[in-house]
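Counting in the numbering used here, the sequence shown runs without a single skipped number right up to 136 at its last residue. Beneath this line is the structure, given in structure tokens, with notes to follow.
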Amino acid sequence: MSYEELLESAYEDVEVSEECERFEVVNVKGHHEGVRTVISNFGKVVACLRRRPEHLLKFLGKELGIQGEIKGERLILSRKLSSKDVNAKIKKYAKLYVICVKCGKPDSELDEEGGKLFVRCLACGNKNEVHKI
Ligand SMILES: [Zn+2]
4 MSYEELLESA YEDVEVSEEC ERFEVVNVKG HHEGVRTVIS NFGKVVACLR RRPEHLLKFL
64 GKELGIQGEI KGERLILSRK LSSKDVNAKI KKYAKLYVIC VKCGKPDSEL DEEGGKLFVR
124 CLACGNKNEV HKI
């Protein structure tokens, strides 16, 4: 094997980074294990939404009436769900908790103040109160 070939195979072994350069609502990759649903790319989904995995899980749990457990990059849900249903809820989450209602940009942060939760937009400065989950 030449040096170049060695280098190439070494690169192939490098795991794809779960970091996300820009905001994106990534579709979930899931499969069923018995009665449960395993989302294998949950880490990437939350990284691209720039939110905490626990917060998104709380939202999904309430919306879908399920329990979930985060295991590394994966999310295990307590019921059989179609990826279509999960994706729809993640889109809803992005609309409520990430995207600015005023300018439509996703550059925002969640701010907790006086027991209330706000989406604070880093682009236009708008602050919008949202439901605590
Ligand atoms: Zn804004």
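We put the beta carbon where it would ideally sit given N, CA and C, even for glycine.
Asked: Closest residue to residue 26 among 37, 102, 130, 135 (Cα-Cα distance); Found: 102
Asked: Own chain, CB closer than 6 Å to residue 157, minus 5 neighbours either side, in chain order; Found: In the structure as shown, the chain starts at 4 and stops at 136, and residue 157 therefore has no counterpart that could be examined.
Asked: For residue 3, three-class secondary structure by DSSP; Found: Outside the modelled stretch of the chain, which goes from 4 to 136, sits residue 3, for which no answer is possible.
Asked: Endpoints, beta strand (DSSP E) assigned at residue 113; Found: 111-116
Asked: Touching by the beta-carbon criterion (3+ pairs, under 8 Å), the segment 60-68 and the segment 112-121; Found: no
Asked: Distance, residue 104 Cα to residue 77 Cα; Found: 30 Å
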